[in-house]
Every structure is written in C-alpha cells, then in structure tokens.
Amino acid sequence: MKAIVLEEFGKDLTIKSIDDPENTKDGVIIKVKANGICRSDYHIWMGHWQGISTPLVMGHEFTGVIEEVGSNVKKFKKGDRVIVPFSLSCGFCEYCLDGEGQVCSERQAAGFSFNGGYGQYVHIPHADINLSHLSEEIDFVSGAALGCRFATAFHGVIDQARVGAGEWVVISGCGGVGLSALQISVALGANVICVDVDDRKLTLAKELGASFVINSKDQNVVERVLEITKGGSNVTIDALGHPEIFNHSIKSLKKKGRHLIMGLAPDHVSFQIPARNFVASEIEIIGSRGVPPQKVPYMLNMVENNKLHPSKLVTETISPDQVNAVLKSMASYDNMGITVLEW
Ligand SMILES: [Zn+2]
Ligand SMILES: [Zn+2]
883 MKAIVLEEFG
893 KDLTIKSIDD
903 PENTKDGVII
913 KVKANGICRS
923 DYHIWMGHWQ
933 GISTPLVMGH
943 EFTGVIEEVG
953 SNVKKFKKGD
963 RVIVPFSLSC
973 GFCEYCLDGE
983 GQVCSERQAA
993 GFSFNGGYGQ
1003 YVHIPHADIN
1013 LSHLSEEIDF
1023 VSGAALGCRF
1033 ATAFHGVIDQ
1043 ARVGAGEWVV
1053 ISGCGGVGLS
1063 ALQISVALGA
1073 NVICVDVDDR
1083 KLTLAKELGA
1093 SFVINSKDQN
1103 VVERVLEITK
1113 GGSNVTIDAL
1123 GHPEIFNHSI
1133 KSLKKKGRHL
1143 IMGLAPDHVS
1153 FQIPARNFVA
1163 SEIEIIGSRG
1173 VPPQKVPYML
1183 NMVENNKLHP
1193 SKLVTETISP
1203 DQVNAVLKSM
1213 ASYDNMGITV
1223 LEW
C-alpha cells in the first residue's frame, strides 16, 4: 500500500510503498477514505513525546470502508462505512468493563503505537468494541473531523466538565478541539467565551456561536471574564495545554468552578496550582482524554440531527503530498480549524 511515513523526527515525511497491515481474528482492515491532521501529529513529528518509535505511519482520526473482517468480528462486514475513535480499548480491563475505555489499561492508538491513517489501509484491533458505523448522512471528510478532537471535546464537555444549560464556559485555544468544545457547549445551552491570540480564529469562533471573544494579546482575560460573567465562569477549558491558560483559567472561575484540561502539551510542561484558591473555592481540575467508544454513537446522533456540525470546522482538504506543509504550518499556529487528508 501507499503510505506517508515518518522516518526521522522533524524531517519531511516520505510517500512510499510499504507492506499492507495484517488482520487479527477480532480485528478489521479498513480502507482509509479521510484522515484529520492533528496537533498530536505535529508533537509526534517533532519528537515531543517519549515512547514513539519510527518508522511510523501517523494518523489517528479517520473514516473509511471495511475491507477485511476477522473471523470473531460480529458487528461489521466488508463494505461497511466506519469511524474510528483515536483511543482504542481492549474491552476486558477494569476500566473498559466500567464503560471508561478511553483510559483502558491496554490502550492503543493508530498512528501512535501502530500504523495509522496516513496509510491507505489500517488494522484496528477489537473492532466490535472500538468501531462505530458511519451513516450515509455523514460524509467521510466530516467523519474524519469527529474522530479525535471533536470526540475528545464531546467526552470532555459532557462527561468530564458536566457543562449545563445557562452556564458560562470559557474556552482558551480556538483550534480544532477548542472550536469543537464551543459547538458542543452551545448545543447544550451554555454561554461561551472564546479566548485566543489570533483574530481570524476568534472570528470563526463568533460564527460558530461564541457569545463573546477575547484576544489575550490585547485584553486581560481574567478581568474581562469576571466582567462579562459578573463574577466568574462555571467552567474553563484549556484546549491547547499551556501554563498561561491554566493561570488565567483558574482565576476566571467562580466558586465550585470546574477547569477542564483537554489540550495535549509536550512532556516537559507542567501547571502550578494556586493552593489557596483551589481549597477556598472548591475548584475542580479535570483531565480528559479521548472518548469511551460507547459514546461515539451519541455524538453521531447529534450530527445526523443537525445539532453538531463538524463540517463547519473543516477548513481544507489536502492530498498526501501536502501533509508536510501542513505539519510545518503548525509550528506557528497558522492553521485554522481542521485540515483533512483525503485518500
Ligand atoms: Zn488528534
Ligand atoms: Zn481495556
């Protein structure tokens, strides 16, 4: 098969022929149709994270058609349209049995621990647990926009931060995961304030339903949030993984506020907790990673019924020879929304 291969961290990926993936009894082989280019790919490419080895075919947010089915797979057949959540579960560990497969003890992810959607074919293990059917109403490109950042935001906003109607939510970082969190919070009836340093991204946030936007280069985020919300936000969301976001978010919360961290930072980044605030105001600090596979159909339901619009986040579709340029543009945070590679 043809694949875009990472051979050396920080160097251009190369398009080449490699062996097709082999199937397992409980797995499937998927012919990839569309794959989102994620900031996680940028971090992998730059060598920011330990435990990733090369050569690697990246790509963890994709849709496609089932090409081959293992003998133990019951829910899928050749030709089915499917979506793959980036965090894959085993189905048998204590977390999976508890419905929390996003933190599975044996978790794997295509494009991290084995070859992913920057290749034409991908093997997905434990297919019955991990895959969801993608209806004809959702095209492959929009579906690819759902697999990682949208799904992560869905679980983060709903299950982890427990955003409710009428609450104030401050989202810092208006990339793919931030704008997804915005759409989901608005669909739940929350009032959203978006924070970024790029006016183009803030304009897009306004179009997608943000009630207020703040450019943190020009304005004091904490003062402005306290003014708009008349005393503090119920929820703050870090959609980038940055210490400055942590600082202004914690100070922007009202008592009993929840701060959700969804952005993935490089390994060396840590956050400092102001202990007094934290205790006196009973602040919650919550992490969130991926989505339990059982929740994916709920997200798809909302898309099929026009409550969520992943297609509005897709700003460009690209061919394999454009991937290097997109990864490079991520160094300066130039890219808007979600870019999708089409095979
Ligand atoms: Zn991703
Ligand atoms: Zn598990």
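Per the working numbering, the very first residue in the sequence shown carries number 883; after that it's consecutive.
All residues carry an ideal CB built from backbone N, CA and C; glycine is no exception.
Since this is a predicted model, take the numbers as computed values, not measurements.
Those residues which DSSP pairs with residue i across a bridge
{"i": "residue 885", "result": "898 and 1001"}
{"i": "residue 1078", "result": "1097"}
{"i": "residue 950", "result": "911"}
{"i": "residue 938", "result": "888"}
{"i": "residue 990", "result": "970"}
{"i": "residue 916", "result": "945 and 1224"}
{"i": "residue 1140", "result": "1117 and 1166"}
{"i": "residue 1015", "result": "964"}
Anticipated Cβ contact below 8 angstroms, residue i with residue j, distance rounded
{"i": "residue 1070", "j": "residue 1095", "result": "So it is not a contact: roughly 19 angstroms between Cβ atoms."}
{"i": "residue 885", "j": "residue 900", "result": "5 angstroms"}
{"i": "residue 1016", "j": "residue 1025", "result": "5 angstroms"}
{"i": "residue 1059", "j": "residue 1085", "result": "Actually they are not in contact, since the Cβ atoms of residue 1059 and residue 1085 sit about 18 angstroms apart, beyond 8 angstroms."}
{"i": "residue 903", "j": "residue 911", "result": "6 angstroms"}
{"i": "residue 946", "j": "residue 964", "result": "6 angstroms"}
{"i": "residue 990", "j": "residue 1007", "result": "7 angstroms"}
{"i": "residue 957", "j": "residue 894", "result": "Incorrect: roughly 39 angstroms between the Cβ atoms, too far for contact."}
Selected residue, minimal CA-CA separation from residue i, among the options
{"i": "residue 1221", "options": "1213, 1205 and 1214", "result": "1205"}
{"i": "residue 942", "options": "950, 960 and 921", "result": "921"}
{"i": "residue 1075", "options": "1082, 1081 and 1088", "result": "1088"}
{"i": "residue 935", "options": "890, 906, 908 and 954", "result": "890"}
{"i": "residue 1181", "options": "1065, 912 and 892", "result": "1065"}
{"i": "residue 950", "options": "976, 923 and 906", "result": "906"}
{"i": "residue 1158", "options": "1133, 1170 and 1144", "result": "1133"}
{"i": "residue 1216", "options": "1154, 1207 and 1187", "result": "1207"}
{"i": "residue 1122", "options": "1151, 1067, 1054 and 1138", "result": "1054"}
{"i": "residue 1020", "options": "1142, 1186, 1140 and 931", "result": "1186"}
{"i": "residue 1139", "options": "1147, 1079 and 1167", "result": "1167"}
{"i": "residue 1048", "options": "1117, 1165 and 1190", "result": "1117"}
{"i": "residue 992", "options": "975, 954 and 926", "result": "926"}
{"i": "residue 1146", "options": "918, 888 and 924", "result": "924"}
{"i": "residue 976", "options": "883, 988 and 1115", "result": "988"}
{"i": "residue 938", "options": "954, 1010, 1082 and 892", "result": "892"}
{"i": "residue 971", "options": "1012, 1149 and 1165", "result": "1012"}
{"i": "residue 1219", "options": "919, 894 and 929", "result": "919"}
{"i": "residue 1000", "options": "1177, 888, 1151 and 1113", "result": "888"}
{"i": "residue 959", "options": "908, 929 and 981", "result": "908"}
Helix, strand or coil at residue i [DSSP, three-state]
{"i": "residue 1229", "result": "Because the chain in this structure spans residues 883 to 1225, residue 1229 falls outside the shown range and cannot be described."}
{"i": "residue 955", "result": "coil"}
{"i": "residue 1104", "result": "helix"}
{"i": "residue 1037", "result": "helix"}
{"i": "residue 1198", "result": "strand"}
{"i": "residue 1120", "result": "strand"}
{"i": "residue 1111", "result": "helix"}
{"i": "residue 1134", "result": "helix"}
{"i": "residue 963", "result": "strand"}
{"i": "residue 1151", "result": "coil"}
{"i": "residue 1054", "result": "strand"}
{"i": "residue 1159", "result": "helix"}
Contact test: residue i Cβ vs ligand 1 heavy atom, cutoff 7 angstroms
{"i": "residue 1171", "result": "no"}
{"i": "residue 1031", "result": "yes"}
{"i": "residue 922", "result": "yes"}
{"i": "residue 1191", "result": "no"}
{"i": "residue 942", "result": "yes"}
{"i": "residue 1128", "result": "no"}
Any non-hydrogen atom of ligand 2 within 7 angstroms of residue i CB
{"i": "residue 987", "result": "yes"}
{"i": "residue 974", "result": "yes"}
Residue i beta carbon near ligand 4 (any heavy atom closer than 7 angstroms)
{"i": "residue 971", "result": "No copy of ligand 4 appears in this structure; the ligands present are ligand 1 and ligand 2."}
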